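Listed in order, the protein sequences are those of chains H and R.
Quick note on the numbering used here: the first sequence kicks off at 1 and runs consecutively.
Quick note on the numbering used here: the second sequence kicks off at 152 and runs consecutively.
Every residue, glycine too, gets a C-beta built ideally from N, C-alpha and C.
Note that the structure is a prediction, hence the values are computed from the model and not measured.
Report on the following structure.
There are 2 protein chains.
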Amino acid sequence: MTTRKIHRRAQADYRWEGVENRPYKEDERALFKAVTRQVLFSDPEMAGELRYFEVAPGGFSTLERHEHMHAVLILRGSGHCLVGDEVRPLETRDLVTVPPMTWHQFRATQGEPLGFLCMVNAQRDKPQLPTDEELAKLEKNPEVAKFLRGM
Amino acid sequence: MTTRKIHRRAQADYRWEGVENRPYKEDERALFKAVTRQVLFSDPEMAGELRYFEVAPGGFSTLERHEHMHAVLILRGSGHCLVGDEVRPLETRDLVTVPPMTWHQFRATQGEPLGFLCMVNAQRDKPQLPTDEELAKLEKNPEVAKFLRGM
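Shown next as structure tokens:
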């Protein structure tokens, strides 16, 4: 039997009662930087999951792609995202759809945190990371290259 | 082929670019009052949907139950909810889980709008409305009766 907590109170600084705040460890390839994750909703009865990610100023999420989609709502702050070969400025409450197998990354480029909700399918494939060749191909677009260098 | 808009900008007053704002018509049974709905994410590739509901001050969502779950994040304002036989005060960013087959309602009781995100399964059953007998049973709890009268 699943025990469900009906009400989780919001806490200061975009934390939630009883929700673990998981920092992503930075690795040697520096594929992401200064990102934390909180899983807000995940339940055997639900086909989707809702997570909250927060990127500290100057940080960025992993540059990746996968078959599953992302449905993103910016909850806090502002920044930029890369989706495919498009770079977009993001403001609070903007919506971002990441289609299947589309390179994407979120960056906190404006000296403030970028916090966003991300809905995904509970059953989903693992992210793919770019090879050096794929990264070089992405960087051929000057706007994308600028984004990947941190704007 | 599905054409997906990658970026939808937030607009004033919790509206979104290209997202239809659907008022719920009030019916003679007054099962809900002053509620609007915007579907933020719905896609054949996604197992979940994300909607934004806004209840105007003094308004309330339908008192209903169903097999599918609701995963709710309060995005704007404050109010109260009923989940099962529990009445809870709600603040911005609070999380509410509505388990299967549990009576629930959201009310904007504090003189301000109550806006919330609601994640559901894309494939889901239709809501059930309470019979007069079920309503009478709910109202036997004084706290629930007070909530249903508008606090």
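Exercise for the section: Can you grab the Cα-Cα spacing for the pair E134 of chain H / W103 of chain H, in whole Å? Expected result: 10 Å
Practice task
Please work out which residues of its chain come closer than 6 Å, Cβ to Cβ, to P155 of chain H, disregarding the five sequence neighbours upstream and downstream, and give them in chain order.
Solution key: For residue 155 of chain H there is no data in the structure shown, the boundaries of chain H being 1 and 151.
Handout entry: W167 of chain R - partner residues in DSSP beta bridges
Key = R:A161
Problem - Burial state of R300 of chain R, where buried means 16 or more other Cβ atoms lie within 10 Å - result: exposed
Problem - Within chain H, partners of R159 of chain R - CB distance below 9 Å - result: D94, L95, V96 and T97
Exercise for the section: Report the three-state DSSP secondary structure of P142 of chain H (helix, strand or coil). Expected result: The answer is helix: DSSP assigns P142 of chain H an H, G or I state.
Practice task
Keeping to the same chain, check which residues put their C-beta closer than 8 Å to that of M197 of chain R; ignore five residues upstream and five downstream.
Solution key: A273
Handout entry: Any C-beta of chain H under 8 Å from that of V234 of chain R
Key = yes
Problem - CB contact below 8 Å: P100 of chain H versus chain R - result: yes
Problem - Where P113 of chain H falls, given that 16 or more other Cβ within 10 Å makes a residue buried - result: buried
Practice task
Identify, in the order they occur along the chain, each residue of the same chain with its Cβ nearer than 7 Å to the Cβ of A145 of chain H, setting aside the five sequence neighbours on each side.
Solution key: E139
Practice task
Assuming V98 of chain H contacts G79 of chain H (C-beta within less than 8 Å), just tell me the rounded distance between them.
Solution key: V98 of chain H to G79 of chain H, Cβ: 15 Å. No contact.
Problem - Interfacial residues, the stretch 187-216 of chain R to chain H, with Cβ spacing under 7 Å - result: L191, F192, D194, E196, M197, A198, G199 and L201
Practice task
Have a look at V186 of chain R and R155 of chain R and give me their C-alpha separation to the nearest angstrom.
Solution key: 27 Å
Practice task
Quick one: list the residues of chain R neighbouring N121 of chain H, beta-carbon separation under 9 Å, in chain order.
Solution key: Here the neighbours are E196, M197, A198 and G199.
Exercise for the section: Using the Cα positions of S212 of chain R and F183 of chain R, report the straight-line distance between them to the nearest angstrom. Expected result: The alpha-carbon of S212 of chain R is positioned some 5 Å away from that of F183 of chain R.
Handout entry: Residues in the stretch 13-25 of chain H having any Cβ partner in chain R nearer than 7 Å
Key = Of all residues in the stretch 13-25 of chain H, only W16 place a beta-carbon less than 7 Å from a beta-carbon of chain R.
Exercise for the section: Using a Cβ cut-off of 8 Å (strictly closer), state whether E112 of chain H contacts chain R. Expected result: Judged by the 8 Å Cβ criterion, E112 of chain H is not in contact with chain R.
Practice task
Can you give me the start and stop residues for the beta strand (DSSP E) that K156 of chain R sits inside?
Solution key: Counting along the chain, K156 of chain R falls outside any beta strand (DSSP E), and DSSP gives it neither H nor E.
Exercise for the section: For A56 of chain H, name the three-state secondary structure that DSSP assigns. Expected result: strand
Practice task
Can you tell me the Cβ-Cβ gap for V19 of chain H and L40 of chain H, rounded? I've got them flagged as a contact below 8 Å.
Solution key: 6 Å
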